[in-house]
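Quick note on the numbering used here: the sequence shown kicks off at 139 and runs consecutively. Below: one structure, written as structure tokens.
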Amino acid sequence: MNEMLAWVKYSWSKGFNLEGRARRREFWWNFLFYEVIAIALNICISIFGIILGAIAGPDAGAAISVVLQGLTTIISIVISIVIMLPLYVRRFHDIGMSGWIYLACIVGSFCCCIGTIVLLVLMCQDSKPDNQYGPNPKAFGGTLPNDGGYGNGGYNSGTYY
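What follows is the structure in structure tokens.
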């Protein structure tokens, strides 16, 4: 849990920075963090709908649950696009590809989920050696962004952008 929170905090500290690279570890810990939040929100909304259905009747509970589930879906999409976008781009940079590939995968997701499958396969690839997007983040050692192996400001600090 501490490792996940350390990586999420590190990613937040980078903000909407599309430059540099992101290790698999950084990407997947953030992905897991936001998925856990989305699942927890959906469970809470479902429980709320059940309680409301018991109080106001099943039709009212179902209607409000559908509206709240829709809002949760919109929030999840916004989180995915706004918060995870820089992470996807930096992850693509880490495997030596342009961040624009993410857009192609999103468009491909509407075609039989092909884009989602391609995106999953690409995000699982290991870091490539130094490339035009920066040095290999694994070369700096360490397992956490703040454990001393990445330098004072993380593995993309200083002139590594």
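Think of the CB as a built atom: it goes at the ideal place given N, C-alpha and C, for glycine as much as any other residue.
By the 10 Å Cβ neighbour count, where 16 or more other Cβ atoms means buried, how is residue i classified, buried or exposed?
{"i": "residue 152", "result": "buried"}
{"i": "residue 160", "result": "buried"}
{"i": "residue 187", "result": "buried"}
{"i": "residue 267", "result": "exposed"}
{"i": "residue 258", "result": "exposed"}
{"i": "residue 196", "result": "exposed"}
With DSSP as the reference, label residue i as helix, strand or coil.
{"i": "residue 253", "result": "helix"}
{"i": "residue 313", "result": "Summary: the structure shown does not reach residue 313, with the chain confined to residues 139 through 299, and so no result is reported for it."}
{"i": "residue 272", "result": "strand"}
{"i": "residue 182", "result": "helix"}
{"i": "residue 243", "result": "helix"}
{"i": "residue 233", "result": "coil"}
{"i": "residue 238", "result": "coil"}
{"i": "residue 265", "result": "coil"}
{"i": "residue 290", "result": "Residue placement at residue 290 cannot be trusted, given a pLDDT of 42 that sits under 50; the coordinates are not used to answer."}
{"i": "residue 223", "result": "helix"}
Taking the alpha-carbon positions, what's the residue i to residue j distance?
{"i": "residue 289", "j": "residue 236", "result": "Annotation note: pLDDT 42 at residue 289 (below 50); position unreliable, coordinate value reported separately. Cα-Cα distance, rounded: 26 Å."}
{"i": "residue 185", "j": "residue 273", "result": "47 Å"}
{"i": "residue 193", "j": "residue 182", "result": "17 Å"}
Next on the checklist: Assess contact between the region 158–177 and the region 200–207, defined as three or more Cβ pairs (one per stretch) separated by less than 8 Å. Is contact present?
Outcome noted: Result no; under three Cβ-Cβ pairs closer than 8 Å.
Item to check | Contact the region 168–176 vs the region 206–224: 3+ CB pairs below 8 Å | outcome: Result yes; three or more Cβ-Cβ pairs closer than 8 Å.
Checklist entry - Does the region 222–238 touch the region 141–157, meaning 3 or more C-beta pairs lie closer than 8 Å? => result Because the criterion of three Cβ pairs below 8 Å is met, the region 141–157 and the region 222–238 touch.
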